[in-house]
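Peer 1: There's a structure below that I have some questions on.
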Amino acid sequence: MNFQSHRLTTEQVAHVKAARSYRGMSLWLLAITHLAAASVAAAPVDLPVGVSQIVVMEPVFQGRTRILQAGQTHKQTLVLVHGIGEAGARDWYGVIPTLAQSWHVIAFDLPGFATSEHRNQTFTPLMYAAFIKYVVQDRVHGPFALVGHSLGGAVALRYASVWPSDVQRLIVVDAAGILYRSALAKEVIELSGNKTATSVWTRSAKALAGKMIDRFGRIPLDLDAIWGAQTARRIWLGSNSAKIAALALIDEDFSRLLERVTMPTTLIWGSADRIAPPRTARLLLARLPDVAVHWMDAVGHEPMHEAPAPFVELLQNALTGKGRVAVKRLVPTASDRIGKCNRKENQLFTGAWARIELNDCDGVRIENATLRELVMNDSAATLENVRFDTDGTAMRLEDSSLTATGLVVRAAIAFDLDQVQLDIAGADIEATKQGTLVEDDSVGVFSACRWWTPQTKGGLHGVFTLETETPL
Numbered sequence: 002m003n004f005q006s007h008r009l010t011t012e013q014v015a016h017v018k019a020a021r022s023y024r025g026m027s028l029w030l031l032a033i034t035h036l037a038a039a040s041v042a043a044a045p046v047d048l049p050v051g052v053s054q055i056v057v058m059e060p061v062f063q064g065r066t067r068i069l070q071a072g073q074t075h076k077q078t079l080v081l082v083h084g085i086g087e088a089g090a091r092d093w094y095g096v097i098p099t100l101a102q103s104w105h106v107i108a109f110d111l112p113g114f115a116t117s118e119h120r121n122q123t124f125t126p127l128m129y130a131a132f133i134k135y136v137v138q139d140r141v142h143g144p145f146a147l148v149g150h151s152l153g154g155a156v157a158l159r160y161a162s163v164w165p166s167d168v169q170r171l172i173v174v175d176a177a178g179i180l181y182r183s184a185l186a187k188e189v190i191e192l193s194g195n196k197t198a199t200s201v202w203t204r205s206a207k208a209l210a211g212k213m214i215d216r217f218g219r220i221p222l223d224l225d226a227i228w229g230a231q232t233a234r235r236i237w238l239g240s241n242s243a244k245i246a247a248l249a250l251i252d253e254d255f256s257r258l259l260e261r262v263t264m265p266t267t268l269i270w271g272s273a274d275r276i277a278p279p280r281t282a283r284l285l286l287a288r289l290p291d292v293a294v295h296w297m298d299a300v301g302h303e304p305m306h307e308a309p310a311p312f313v314e315l316l317q318n319a320l321t322g323k324g325r326v327a328v329k330r331l332v333p334t335a336s337d338r339i340g341k342c343n344r345k346e347n348q349l350f351t352g353a354w355a356r357i358e359l360n361d362c363d364g365v366r367i368e369n370a371t372l373r374e375l376v377m378n379d380s381a382a383t384l385e386n387v388r389f390d391t392d393g394t395a396m397r398l399e400d401s402s403l404t405a406t407g408l409v410v411r412a413a414i415a416f417d418l419d420q421v422q423l424d425i426a427g428a429d430i431e432a433t434k435q436g437t438l439v440e441d442d443s444v445g446v447f448s449a450c451r452w453w454t455p456q457t458k459g460g461l462h463g464v465f466t467l468e469t470e471t472p473l
C-alpha cells in the first residue's frame, strides 16, 4: 500500500492543470463550494405559531445559540438538524407546525450558522453530534426520532453511530459528504453538465484521484491540517464557519461508522440533487444495516422548499414506518450464463451470471446482478448493487476503469489489476487470500468501504496507489 502520488506523464500534468483552471479551484474545493453555497444571509422570518425559542450558552463550542420547541405536550420527540446555510433552523419552519401536531419537535441553529455565534472553530460532525447530545439530555426522555438534512444528515448519522440507543428512528435527507472527496468532486462535475470539465476528469482525474489534484493545487495535502488549526482556517478558509464545516465534513471517514447505525433508517433523496449526489444514497443503501429509501423525482437538494407537501408526507410516513420496505440484499444465485461485450457501447447486464467478459467496451452497466467472475480488457464499466461469490478471483481487470457502488465480494481474491482505475463506494469486501492482486500499478479511490482481508481489516476510505508488493 503506497500513500504517495502515482507517477504522472506530461499529458496527465496538463490535464491536472486544466482541472485546476475549472472555475479557478481544485476539485475538492469545488465540492466545498457547492456545500457552502447555501450559506448566504437569510431574511428574518417570524417564528411559526406554537413555536417557542430560548437562547443558551452551550458548552461544546462555548457560544450562544437558540433552541426551538413545539408540541411539548406530546410524548414522542423529534429532533431536526439543518444543513449548511445561514437559514439554520428556519429551513424547518415550513414543516414544524404540521409535525408538532403529533410530535414534540426540537430544532436549533447549529453553532457557526444563523443566529448562533460564528467563530473560527473546529466544526466537525462529531463535535456537532456532541452538541445535539447537550440539547437533548435535559429535554428528551427516552429514545427519539432524529432527522437530518445535508450536513445535518451526516451529523445525524454520526450521532446515531455514537449513541445508537438514543435514536428510535433515523431519517436522512440528502446527506452531504460521505463519499471520499475526489469521488464527490467527480459526481459534482458530472452532474453539473459541464462537458469540458467532465472530459478533463474522464481523461485524468479518474486515474489521478483526489490526492493528485491536491498535489498540484495551492491547498496542503492533509485537509485536517486546515480545518484542525486556527491559523490555517483563517488563511485558507477566511475563518468562514460554513467552509470550515464543509471541509471537515468531506474529510470525515464513515467507513467504520455506518454498520453501527442499527436503528430503522429511511433516506429521503432528491433524484436531481447536484450537491449530495444520488450515488451517496446508494452508498448508504449498501452499508446501513436496516434502511429504506424514498426518491423524490426531479427534486434537488432542498426538498422541504422545492416540494414541501410531498416532502412532509414522506417524512410523516418515515416517522411512523408507514409503507416502509427495507432494502433486500442480493443472495448468491447459481447460473451458467456467460455474458459478452465486444467493441460495443452502453450495454446493460442484470440478473444472475456465471461470468461477464468485456473487451474494448465503453459505458457498460451491470446492475442488480450476481456473478462469479468479471473479466475486463480495455473497457469502462459501472456496477451498482452487484454481488460476487467465488472460490477464485472475482474480477480480472486490465487497462480498464471500474466505478462500483454497493458492491459485495466474497472470494479468494477480489481484484486482479493491471493498469486499472477503481472508484469503489459502499463496498463490502471479504477475500480469504488478498483483496488486490496487482500485475501492474493501478490506483483506487475508496469511499466508506468495509474491507476484510488478511492484509487489511476494517474500513477503507481514501485514494491508494496499488502496487505489486503491497496488496490490500
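Using the numbering used here, you'd call the opening residue of the sequence shown number 2 and step up by one each time.
The C-beta atom is built at its ideal place from N, Cα and C for all residues, glycine as well.
(1) Which whole-angstrom value is the C-beta distance of histidine 302 and isoleucine 276, which I expect to be below 8 Å?
(2) Can you tell me whether threonine 437 is helix, strand or coil according to DSSP?
(3) Check the Cβ-Cβ distances between glutamate 358 and every residue of chain C, and say whether any is below 7 Å.
(4) Whole angstroms is fine: what's the gap from alanine 108's alpha carbon to glycine 460's?
(5) Spatial neighbours of proline 60 within its chain, please: CB distance less than 7 Å, with the 5 preceding and 5 following residues excluded, ordered by chain position.
(6) Inspect the CB distances between the stretch 319-332 and the stretch 170-184 and report whether three or more fall short of 8 Å.
(7) Suppose the cutoff is 6 Å on Cβ atoms and the five residues either side in sequence are ignored; what does the same chain contact list for threonine 334 look like?
(8) Let me know if aspartate 252 comes out buried or exposed under the rule of 16 or more other beta-carbons within 10 Å of its beta-carbon.
(9) Put histidine 83 into one of helix, strand or coil per three-state DSSP.
(10) Beta strand (DSSP E) containing phenylalanine 416: first to last residue?
(11) Can you give me the Cβ contacts of glutamine 348 inside the same chain, cut-off strictly under 7 Å, excluding the 5 residues immediately before and after it?
(12) Is the number of C-beta pairs between the stretch 385-397 and the stretch 250-265 that are closer than 8 Å three or more?
(13) I think glutamine 70 touches serine 53, with their Cβ atoms under 8 Å apart; what is that distance to the nearest whole Å?
(14) In the DSSP assignment, find the beta strand (DSSP E) that holds lysine 458 and state where it starts and stops.
(15) Taking Cβ to Cβ, would you say aspartate 419 is nearer than 7 Å to aspartate 441?
(16) Kindly indicate the opening and closing residues of the alpha helix (DSSP H) around threonine 321.
(17) Go ahead and pull the three-state DSSP assignment for proline 221.
(18) Closer than 7 Å by C-beta to arginine 140: which residues in its own chain qualify, once you throw out the five before and the five after it? Chain order, please.
(19) Quick check: what's the CA-CA separation for glycine 393 versus alanine 412?
(20) Hey, quick one: how far does the beta strand (DSSP E) through serine 256 stretch, first residue to last?
(21) Between the C-alpha atoms of isoleucine 85 and proline 112, what's the straight-line distance to the nearest angstrom?
(22) What's the gap between the Cα of leucine 315 and the Cα of lysine 434?
(23) Here's the rule: buried if 16 or more other CB atoms are within 10 angstroms of the residue's CB, otherwise exposed. What is methionine 58?
(24) In this structure, does DSSP put histidine 306 in helix, strand or coil?
(25) Considering only their Cβ atoms, is the gap separating leucine 250 from threonine 406 smaller than 7 Å?
(26) Can you have a look at aspartate 424 and say buried or exposed, based on whether 16 or more other CB atoms are within 10 angstroms of its CB?
(27) Cα-Cα, which of Phe132, Arg261, Leu375 and Ala101 is closest to valine 50?
(28) Classify lysine 329 as buried or exposed, calling it buried when 16 or more other Cβ atoms lie within 10 Å of its own Cβ.
(29) Can you tell me whether glutamine 122 is buried or exposed, with buried defined as 16 or more other CB within 10 angstroms of its CB?
(30) Taking the C-alpha atoms as reference points, what is the distance between threonine 199 and proline 144?
(31) Take aspartate 274 and list the residues in its own chain whose beta-carbon comes closer than 7 Å to its own, dropping the five residues that flank it on each side.
(32) Kindly indicate which residue of Arg356, Glu368 and Thr383 has the alpha-carbon position closest to the one of glutamate 374.
(33) Give the single residue among Glu87, Val137, Ala293 and Trp104 whose Cα lies nearest to the Cα of serine 117.
(34) Do you know how far the Cα of proline 309 is from the Cα of aspartate 47?
(35) Check whether the Cβ atoms of alanine 130 and tyrosine 160 sit closer than 7 Å, and answer yes or no.
Peer 2: Judging by the given coordinates:
(1) Confirmed, about 4 Å.
(2) strand
(3) In the displayed structure, chain C is absent; only one protein chain is listed.
(4) 33 Å
(5) Tyr135
(6) Yes, the stretch 319-332 is in contact with the stretch 170-184.
(7) Ala353 and Thr371
(8) buried
(9) coil
(10) 402-419
(11) Cys342, Cys362 and Val365
(12) no
(13) 6 Å
(14) Counting along the chain, the beta strand (DSSP E) containing lysine 458 begins and ends at 458-467.
(15) yes
(16) 309-321
(17) At proline 221, the pLDDT of 41 sits below 50, so the modelled position is not reliable and the matter cannot be decided from this model.
(18) Ile107
(19) In this model, glycine 393 and alanine 412 are separated by some 6 Å (Cα to Cα).
(20) Careful: serine 256 lies outside any beta strand (DSSP E) and carries neither H nor E.
(21) 11 Å
(22) 45 Å
(23) Methionine 58 sits exposed, since fewer than 16 C-beta atoms from the chains shown fall within 10 Å of its C-beta.
(24) helix
(25) no
(26) buried
(27) Ala101
(28) Counting the other CB atoms within 10 Å of its CB gives lysine 329 a total below 16, which places it among the exposed residues.
(29) buried
(30) Here threonine 199 scores only 41 on pLDDT, less than 50, and its place in the model should not be relied on; the value that follows carries that caveat. Rounded to whole angstroms, the gap between the alpha carbons of threonine 199 and proline 144 is 45 Å.
(31) So the qualifying residues of the chain are Asp175, Gly301 and His302.
(32) Arg356
(33) Glu87
(34) 19 Å
(35) yes
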